[in-house]
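In our numbering, the protein residues as written are 101 to 383.
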């Protein structure tokens, strides 16, 4: 099941499974979100919760109990409830259940709010800790943007000119090895070799927006001022790019097991709430 929202400029569709954005079109019917062809990657824009990335051995410990949780957590595979819908907005909720407690023993409520404002789609994450203990979590976005034609016609313009150090992944975990991107001023020219070793992972990145250009012409901007971390990814020969604002990332190769000590984790106090926003703007 999907819900459609629209305004004078844009139309968006969101699946109830995962509360996942699956389409964003302008008035000319141009599609900006990847179509989910499983030959490359069968997703569009999953929400990553309550972890981002991979846990060592897909497991962690809490109160002397070992829990299993697969890459990027469980929210992207679960059905959300549509709790509010306006012409230009939709709000979804995923609440704690016996099924979630098998993997994550915390009393949470996760809301995703999609709102169209002029030529932008604003996406809000709201996490509520309804329990009496502190709650560790990560949350992140994974939108895939359609890039038809020659992949090397495209580039990414970073908001700031900065040394772009990224962390090398080893079996999906953050290694101690880093590399640095070479930019043309603040622009990264895309090629598949950049992603030969999986995603590019940036911790505490200074740039808080990235613009996608085709043949030097900007057409889409992702802004994520709330988010400290970022992933950029595509599989080889796939006609899309993922720009992924994150709170947190995979386990590091030498520190894992205790979710409260996980690098990049957020700790939400009892009966407290977390809120963050990012946006996708059509230029």
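Glycine included, every Cβ here is placed at the ideal spot set by N, Cα and C.
- Of the residues 289, 203, 348 and 154, the one whose Cα lies closest to the Cα of residue 303 is 348.
- DSSP links residue 289 through a beta bridge to 255.
- For residue 318, the three-state secondary structure derived from DSSP is strand.
- Just measuring C-alpha positions, the residue of 188, 234 and 212 sitting nearest residue 205 is 234.
- The shortest CA-to-CA distance from residue 345 to any of 137, 380, 327 and 229 is the one to 327.
- Note on the region 158 to 239: whole alpha helix (DSSP H) runs with a minimum of 4 residues are 198 to 201, in chain order.
- Taking all protein chains in view, the Cβ of residue 186 is surrounded by fewer than 16 other Cβ atoms within 10 Å, so the residue is classified as exposed.
- When DSSP states are grouped into helix, strand and coil, residue 261 belongs to the coil group.
- Per the Cβ contact rule, the region 209 to 216 is in contact with the region 182 to 197 (3 or more Cβ pairs under 8 Å).
- Comparing C-alpha distances from residue 135 to each of 370, 340 and 353 shows the shortest one belongs to 340.
- Counting along the chain, residue 143 sits inside no beta strand (DSSP E), nor does DSSP assign it H or E at all.
- Using a Cβ distance threshold of 7 Å, residue 188 and residue 105 count as a contacting pair.
- The residues 247, 290 and 314, in chain order, have a CB closer than 6 Å to that of residue 254 in the same chain once the five nearest residues on each side in sequence are set aside.
- Residue 360 counts as exposed, since fewer than 16 other beta carbons sit within 10 angstroms of its beta carbon.
- Taking C-beta atoms as the reference points, residue 151 and residue 173 count as a pair closer than 7 Å.
- Assignment of residue 247 by DSSP, reduced to helix, strand and coil, places it in the coil class.
- Judged by pairs of C-beta atoms under 8 Å, the region 297 to 311 touches the region 259 to 273, as three or more such pairs exist.
- The beta carbon of residue 221 lies closer than 7 Å to those of 110, 112, 124, 214, 379 and 380 in the same chain, with the five residues before and after it left out.
- One thing to note: residue 275 has its Cβ within 7 Å of the Cβ of residue 353.
- Between the beta-carbon of residue 312 and that of residue 245 there is about 6 Å, and that keeps the pair under the 8 Å contact cut.
- According to the DSSP secondary-structure assignment, residue 273 is paired through a beta bridge with 270.
- Taking the Cβ atoms as the reference, residue 203 lies roughly 6 Å from residue 167, within the contact range of under 8 Å.
- For residue 327, the secondary structure class from DSSP, reduced to helix, strand or coil, is coil.
- In this model, residue 357 and residue 120 are separated by some 29 Å (Cα to Cα).
- For residue 300, the enclosing beta strand (DSSP E) stretches over residues 300 to 302.
- Setting aside the 5 residues that flank it on each side, residue 338 is surrounded in the same chain by 140, each with a C-beta closer than 6 Å to its C-beta; the list follows chain order.
- At a Cβ-Cβ threshold of 7 Å, residue 365 and residue 236 count as neighbours.
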